[in-house]
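*Asks:* Using this note's numbering, the first residue of the sequence shown is number 52, and each one after it goes up by one. Below is the structure I would like to discuss, written out as structure tokens.
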Amino acid sequence: MKNQTILLKDASLLNENAECIRHRDVFIRDGIIEKITETSPKSSADEVISCSRYYVSPGLANLHVHTAMNIFKGIAEDVTADAWFNEMIWPYESKMTDEDVYWGTLMGIGEMINNGVTAFADHYFGEEQVLKAVKETGIRGDLAPTIFGVTPDFPERLAQVTEFIKNHRKDSDRVAFHMGPHANYTCPGETLGQIADAAKALDLPIHLHVSEEEAQVIQARQETGLTPFELLHRAGIFDTKVLVAHGLWVEEGDLKFLKEDTWFAFCPKTYMKLASGRGGFFDYYKQLNYGFGTDGAASSNTLNPVEQARIFGLVGKFQGGNAAEFTAEEIWKHLMAGHQALSFGTGRMEEKAPADLVIWDLHQPDTFPFYNPISSILYSSNCQNVKYTMVGGEFLKYDGKLKMDVESLIKETTRLQKALLVRGKGKAEVSY
């Protein structure tokens, strides 16, 4: 309803700078944070939520996710990265249907909303179904329709994606796009340059996989004498804003190719799951812009950026041998900074910012008692601590319950899961 107001009364605010500001009233009108004031007994609105025992923060951004892959959650366990791609996931994906993509995306969005995610960067095919799911749920989705340069239909696919983005880029303020080449090893030769040119012509950023495994770096050097990052540089990829999925094996020599608007989506759970090695990210992370992604549920099993941030901090402490580094406040700032890699203007707890918020209830057995709310969220919380998830002033999770029809979602996904197993694997057009 136009001009409807919501009041989050007597809240403790956790802002993007890891500051806690107590006893504040947050007024929301028409999807925007209109006013933040000290709590007043005279404050009123169309809907008032008492937040005296809650903490309110900006919503979470998931910077890299293959959302539809929730349909494959748990299907490829305890295998090598080579087998994961070539023997399991890509053969199953080759026989995916539109229904698989649509319902898998809905299930993934439901999981993200349940965990406080208000914006996500998707990288997948079946973009029509992904877009449909985003619009139906009310979350903010940034879509990068995946393009493989090694397939025979590359020119047609690039034209198809370009036309799709042109037709839908103004559909909603909750929808945005990246151009989505898969990776340098699946977009060889001139194809990367053609995709970069298409992105520049549309004034679009680029979202792609880079140096996620050591084998990719070795292969690139053997075939071209260059690292993946240098290949991207020469193709003109870094002439526009770039969202690097992973970048675990970034090297010191790669840093010179990065720009102020180059962002990394770090997904440490996947690297541990697939034994991707130590890489170089932890050596150079202080020189990088980064937030957190979850990758797909087939590799990380969950779509919760807080869990990824938690693992990042713990692995950083463990590898560096210094428990005083990777502080909760530093990790929280990067969890929030992920919004800057997207174009929605979200991730800010301030007046005139979009009302994309999470209301946290830390008075739960897993988080109580707590001494520092940020540490409690990072190291103790789970989805039950997310009491409300709001996007543009609209509640997508309310009083602990998703607004989605979860029963129908599980019913349809169960049906598709059975059909997927009966259908079995096909032959993938690409190889890892």
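Beta carbons: idealized from backbone N, C-alpha and C, even for Gly.
In this structure, does DSSP put Val409 in helix, strand or coil?
*Replies:* Here DSSP, grouped into helix, strand and coil, assigns Val409 to strand.
*Asks:* Tell me the DSSP secondary structure of Ile126 in three-state form.
*Replies:* coil
*Asks:* Considering only DSSP beta bridges, list what Cys71 is partnered with.
*Replies:* Per the DSSP secondary-structure output, Cys71 pairs in a beta bridge with Leu65.
*Asks:* Alpha carbons only, please: which of Gly331, His284, Phe317 is nearest the one belonging to Lys310?
*Replies:* Answer by Cα proximity: His284.
*Asks:* Kindly confirm or deny that the segment 71-81 and the segment 382-398 touch, where touching means at least three C-beta pairs closer than 8 angstroms.
*Replies:* With a cut-off of 8 angstroms, the segment 382-398 and the segment 71-81 do not count as touching, because too few Cβ pairs lie within range.
*Asks:* Go ahead and label Gln245 buried or exposed: buried means 16 or more other beta carbons lie within 10 angstroms of its beta carbon, across all protein chains shown.
*Replies:* Counting other Cβ atoms within 10 Å of its Cβ, Gln245 reaches 16 or more and is therefore classed as buried.
*Asks:* Where does Met455 fall in DSSP's three states?
*Replies:* coil
*Asks:* With H, G and I counted as helix, E and B as strand and the rest as coil, what does DSSP make of Trp314?
*Replies:* strand
*Asks:* My assumption, with CB atoms under 8 angstroms, is that Arg110 sits in contact with Ala170. Please give the rounded CB distance.
*Replies:* Per the sequence shown, the amino acid found at residue 110 is Gly instead of Arg. Right, the Cβ-Cβ distance comes to about 7 angstroms (below 8 angstroms), so this counts as a contact.
*Asks:* Does Val481 come out as helix, strand or coil in the three-state DSSP assignment?
*Replies:* coil
*Asks:* On the DSSP bridge assignment, give the partners of Tyr439 in chain order.
*Replies:* Ile410
*Asks:* If Ala316 and Leu471 are in contact, beta carbons under 8 angstroms, what's the gap, nearest whole angstrom?
*Replies:* Going by Cβ atoms, the distance from Ala316 to Leu471 rounds to 27 angstroms, so no, they are not a contact pair.
*Asks:* Evaluate contact between the segment 437-451 and the segment 203-214, counting only Cβ atoms and requiring at least three cross-stretch pairs below 8 angstroms.
*Replies:* no
*Asks:* Kindly provide the ranges of any beta strand (DSSP E) runs that are 3 or more residues long and lie completely inside the segment 136-212, ordered along the chain.
*Replies:* 168-175, 191-198
*Asks:* Ser432: which of Arg361, Arg399, Glu179 sits nearest, CA to CA?
*Replies:* Arg361
*Asks:* Determine the direct distance from the alpha carbon of Arg80 to that of Ser95, and round the result to whole angstroms.
*Replies:* If I take the Cα positions, the gap works out to 12 angstroms.
*Asks:* Any contact of the segment 269-277 with the segment 343-358, i.e. 3+ C-beta pairs under 8 angstroms?
*Replies:* no
*Asks:* For the segment 204-256, list the alpha helix (DSSP H) runs that are entirely contained and at least 4 residues long, ordered along the chain.
*Replies:* 205-219, 242-253
*Asks:* Quick test of the definition: if touching needs 3 or more C-beta pairs under 8 angstroms, does the segment 371-381 touch the segment 145-154?
*Replies:* no
*Asks:* Which of the three DSSP states is assigned to Phe446 in this structure?
*Replies:* strand
*Asks:* Pull up the distance between the alpha-carbon of Leu365 and that of Gln211, whole angstroms please.
*Replies:* Whole-angstrom Cα-Cα distance: 42 angstroms.
*Asks:* Report yes if the C-beta distance between Tyr153 and Val181 is below 9 angstroms; otherwise report no.
*Replies:* yes
*Asks:* I want to know whether the segment 262-272 touches the segment 285-298 - three or more CB-CB distances under 8 angstroms.
*Replies:* yes
*Asks:* Report buried or exposed for Asp450, applying the criterion of at least 16 other Cβ atoms within 10 angstroms of its Cβ.
*Replies:* Taking every protein chain shown into account, the CB of Asp450 has fewer than 16 other CB atoms within 10 angstroms, so this residue is exposed.
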